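Visitor: Protein chains in written order, with numbering that gives the first Met the number 0: chain H, 0 to 224; chain E, 0 to 250.
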Amino acid sequence: MSRFTRREMFHVAAMVGVLVLGARCAGNEAVDATQAYPRLDSALLMPDRSALGICVELAPSLQARSGELLATLRADVASLQARHPLWSKADFGREPVRMQLGCPGAAMPSARLESKGATVGPGFTKSPSPFRTFVYVLDDARAREVLGEERAIRARAELAQVDDHVVAEVSTALVVRASDLGTASFQETWLSKGLGLRPLREAAEPAITDFMPKSSEGSGVMPSP
Amino acid sequence: MSPSPQEKTAASPRGAPRWIAMAWAGVLAVVAWQHFPVARANHTHTGGTQAHIATIHGNNGTSTTPGDQDEQYCVQSHTGNINGPKMATFIEETLAKLAAANIWDGTANWRVDLWRMAKSCSEYDTATRGTIEYEYHVNDDWTNITLCGTSYSCVMFENPVFDGSHTHYKWGYSYLQTEHVSDYNERTRKFINHETGHILGLKDPDYYGHCMNSIMHNNLYASAGCTDPVWYPTASDKSSIVRIADRTNTW
C-alpha cells in the first residue's frame with residue numbers, strides 16, 4: 000500500500016530534477032573540464048608533473064653528437080641540482096630528473112629571436128606536456144642567425160589558461176649554442192632561467208632612467224572623478 | 000476493501016498538499032541562491048592559480064625614482080585607430096593620477112608602484128625592455144593572441160620565477176581591444192583597471208552570480224550576472240592585493 004499519491008510522487012520527482020539541473024548549471028561556468036590548470040606552489044607548474052622533465056631538440060648537424068651533448072646537459076643539471084638552494088623546494092628533487100631527446104612540436108628556431116616575447120614550441124595548449132623545459136641546441140652557424148649577439152635566449156614553450164582570458168607560461172624554451180653546454184655560465188645563469196629558478200649568477204640589469212615623473216598633473220583627457 | 004490507487008487519487012482534494020508547496024518553495028530558493036547575482040563577501044583571490052607579477056612583493060624605489068622591485072610599464076598601439084601617446088597618457092592617468100582611492104598605484108603600501116616608461120614598448124632595446132614588467136598593447140583585434148580573439152581583452156604572463164614558496168612571473172602583457180578603450184571614458188578605465196587587476200593577481204568571477212563591488216566582478220561580467228558599474232579598484236580589490244603581496248596565499 001503506497002503512502003503517497005501518484006501526484007505527490009510526480010512532484011517529488013520534479014523537485015529532484017530541478018535540484019539536479021540547478022546544481023549542474025551553476026558554479027562551473029569558469030571551469031573548463033578539458034583544460035589543465037597550472038599550480039604555482041611548485042616550480043613544476045603543472046599538477047600532473049611529478050618530476051622535472053627536460054626535452055632536448057638538436058640542430059640536424061648535431062644529431063651525430065646526441066649522446067655526448069645529452070651527457071653534458073645531464074652533468075649541467077646535476078651541477079645545478081647540487082648548488083641551487085631552491086632545488087628541493089621547487090619540487091625538482093621529488094623524483095629523478097627525466098631527460099629525453101625530442102620535444103613536442105619538434106620546433107627548431109631558424110630566424111632571429113628576441114629575448115622578450117618569443118615563443119618556441121607548441122605555444123598555448125589545453126594539455127601541457129610533462130616537460131618543464133624545452134632545450135634547443137644550435138650549431139654555431141644557426142646560433143648566429145637565431146641568437147645574434149646573445150649568449151642564449153629563454154622563450155615561452157607552452158602556455159596554459161589560468162583564468163577566463165588569462166594565459167601563463169608553464170614550459171620554458173631555452174635556446175643555446177652547443178659550445179655553451181658544460182660551461183659555468185650556462186649552469187649558473189641560463190639553465191637556472193630555463194628552469195624558472197633565480198640565476199646563481201646574473202649580470203646587473205640596465206639602470207632605469209627613461210621613466211615619466213609622477214609629480215605631473217592628470218592628462219586632462221577626462222576630469223578626475 | 001481498500002480503494003485502488005486510482006480511486007484514491009480521484010478522491011484527493013483538488014489542491015496540492017501544503018507540504019508540496021513548501022517543498023517547491025525550498026527547491027526554488029536553493030536554485031535561486033545558486034544562480035542569482037547576490038553580493039557575496041568572499042573574493043576567491045587567494046587560490047593556487049593566482050598568477051601575478053613578481054615585483055608586487057617588494058618596494059625599493061623612492062618617490063621620484065623607481066627601484067627594481069617597482070613596476071615599470073610601457074604602452075604600444077598597433078592600430079591607426081588609437082593614438083599611442085594619447086592612450087599612454089590615459090592609462091597613466093587611470094593607474095596613477097586620479098584620486099588615490101580610485102587608482103592601483105600605491106596599493107599594498109606602495110608595493111604596487113607604477114612607473115610609465117617615456118617611449119612606446121618597441122622603441123626600447125632588448126635589454127631595457129627586459130626591465131619593463133608590464134606592457135599594454137592595443138589593437139583592433141588580437142586573433143594572434145590566445146583567448147583574446149576579436150572580442151576580448153586578455154592577459155599573458157611570461158618568464159616564471161620560483162621564489163622558494165611560489166612561482167610568479169617577471170613579465171605581464173595586457174592586450175586591449177580598440178573597441179574597449181577607444182572612447183577614453185569610464186568604460187575605458189574599467190578595462191584598463193580590470194586587466195591590471197589580473198597582472199597583480201586578481202581573478203575573474205568563478206561562477207555565475209559571483210558578483211561583488213570589485214573591478215574584477217563588475218558589469219563587464221554581465222554574463223555572470225554581475226551588474227555593479229564600478230570602474231576603479233575597490234577597497235576589496237586592494238585588500239586582496241595586500242594578501243597576495245604578503246604571500247599569504249592559501250595554496
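All C-beta atoms in this analysis are idealised placements derived from N, C-alpha and C, irrespective of residue type, glycine included.
The structure presented is a predicted model; accordingly, all values stated were derived computationally and were not measured.
(1) For the stretch 70-89 of chain H, enumerate the residues whose C-beta is nearer than 9 Å to any C-beta of chain E, in chain order.
(2) Quick test of the definition: if touching needs 3 or more C-beta pairs under 8 Å, does the stretch 110-124 of chain H touch the stretch 150-167 of chain H?
(3) Is there a Cβ of chain E sitting closer than 8 Å to that of residue 42(H), yes or no?
(4) Closer than 8 Å by C-beta to residue 123(E): which residues in its own chain qualify, once you throw out the five before and the five after it? Chain order, please.
(5) Assign residue 204(H) to buried or exposed, taking buried as 16 or more other Cβ atoms, counted over all protein chains shown, within 10 Å of its Cβ.
(6) Answer with yes or no whether the minimum CB distance from residue 211(H) to chain E is below 8 Å.
(7) Could you run through the stretch 108-139 of chain H and flag, in chain order, every residue whose CB is less than 8 Å away from some CB of chain E?
(8) Assign residue 45(H) to buried or exposed, taking buried as 16 or more other Cβ atoms, counted over all protein chains shown, within 10 Å of its Cβ.
(9) Measuring CB to CB, does residue 63(H) end up less than 8 Å from residue 125(H)?
(10) List the residues of chain H that residue 166(E) touches, going by C-beta distances under 7 Å, in chain order.
(11) Taking residue 103(E) as the reference, which of 25(E), 192(E), 245(E), 148(E) has the closest Cα?
(12) Given that a residue counts as buried once 16 or more other Cβ atoms are within 10 Å of its Cβ, and exposed if not, what is residue 205(E)?
(13) Between the alpha carbons of residue 70(H) and residue 132(H), how many angstroms are there, rounded?
(14) Buried or exposed: where does residue 59(E) fall if 16 or more other Cβ atoms within 10 Å of its Cβ makes it buried?
(15) So is residue 37(E) buried or exposed if we call it buried at 16+ other beta carbons inside 10 Å?
(16) Alpha carbon to alpha carbon, how far is residue 108(E) from residue 90(E)?
(17) Quick one: which residues of the stretch 221-246 of chain E get their C-beta closer than 9 Å to a C-beta of chain H? List them in chain order.
(18) Would residue 53(H) and residue 107(H) be called neighbours here (beta carbons separated by less than 8 Å)?
(19) With 8 Å as the C-beta to C-beta threshold (strictly closer), list the residues of the stretch 129-162 of chain E near chain H in chain order.
(20) Assuming residue 177(E) contacts residue 80(E) under a Cβ cut-off of 8 Å, what Cβ separation, rounded to an integer in Å, is found between them?
(21) What residues from chain H crowd round residue 179(E), counting only those whose CB sits closer than 8 Å?
(22) If contact means a Cβ-Cβ distance below 7 Å, which residues of the stretch 180-212 of chain E contact chain H?
(23) Please confirm whether residue 50(E) has its beta-carbon closer than 8 Å to some beta-carbon of chain H.
(24) List, from N- to C-terminal side, the beta strand (DSSP E) runs of 3 residues or more that fit wholly inside the stretch 106-165 of chain H.
(25) Assuming residue 199(E) contacts residue 19(E) under a Cβ cut-off of 8 Å, what Cβ separation, rounded to an integer in Å, is found between them?
(26) Could you give the DSSP three-state label for residue 39(E): helix, strand or coil?
(27) Note down, in chain order, all residues in the stretch 8-20 of chain H with a beta-carbon under 9 Å from any beta-carbon belonging to chain B.
(28) Closer than 8 Å by beta-carbon distance: list the chain E residues that pair up with residue 155(H), in chain order.
(29) With burial defined as no fewer than 16 other Cβ atoms inside 10 Å of the residue's Cβ, what is the status of residue 213(E): buried or exposed?
(30) By the three-class DSSP mapping on this structure, what secondary structure does residue 172(E) have?
(31) Count the other CB atoms, across all protein chains shown, that sit within 10 Å of the CB of residue 190(H); report buried if there are 16 or more and exposed otherwise.
Guide: Let's see:
(1) So the close ones are 84, 85, 88, 89.
(2) yes
(3) For residue 42(H), a Cβ of chain E is located within less than 8 Å of the residue's own Cβ.
(4) 73, 116, 131
(5) exposed
(6) yes
(7) 113, 114, 115, 116, 122, 123
(8) With 16 or more Cβ atoms within 10 Å of its Cβ, residue 45(H) is classed as buried.
(9) no
(10) 39, 42, 44, 195
(11) 192(E)
(12) Buried is the call here.
(13) When rounded, the distance between both Cα atoms is 17 Å.
(14) By the 10 Å Cβ count, residue 59(E) comes out exposed.
(15) Residue placement at residue 37(E) is flagged as unreliable, the pLDDT there being 42, under the threshold of 50; the coordinate-derived value follows with that caveat. Its Cβ having fewer than 16 others within 10 Å, residue 37(E) is exposed.
(16) 21 Å
(17) 222, 223, 230, 231
(18) no
(19) 129, 130, 145, 146, 147, 151, 152, 153, 154, 155, 156, 157, 158, 159, 160, 161, 162
(20) 5 Å
(21) Per Cβ cutoff of 8 Å: no residues; residue 179(E) is ~12 Å from chain H at best.
(22) 183, 184, 197, 202, 203, 204, 205, 206, 207
(23) yes
(24) 118-123, 132-137, 151-162
(25) Actually they do not touch by this definition, with Cβ atoms about 51 Å apart.
(26) Here the model assigns residue 39(E) a pLDDT of 43, short of 50, so the residue's position is not dependable, and the following value carries that caveat. Three-state DSSP puts residue 39(E) in coil, outside helix and strand.
(27) No chain B is present in this structure, whose protein chains are H and E.
(28) 157
(29) buried
(30) Residue 172(E) carries a strand assignment under DSSP once its states are collapsed to helix, strand and coil.
(31) buried
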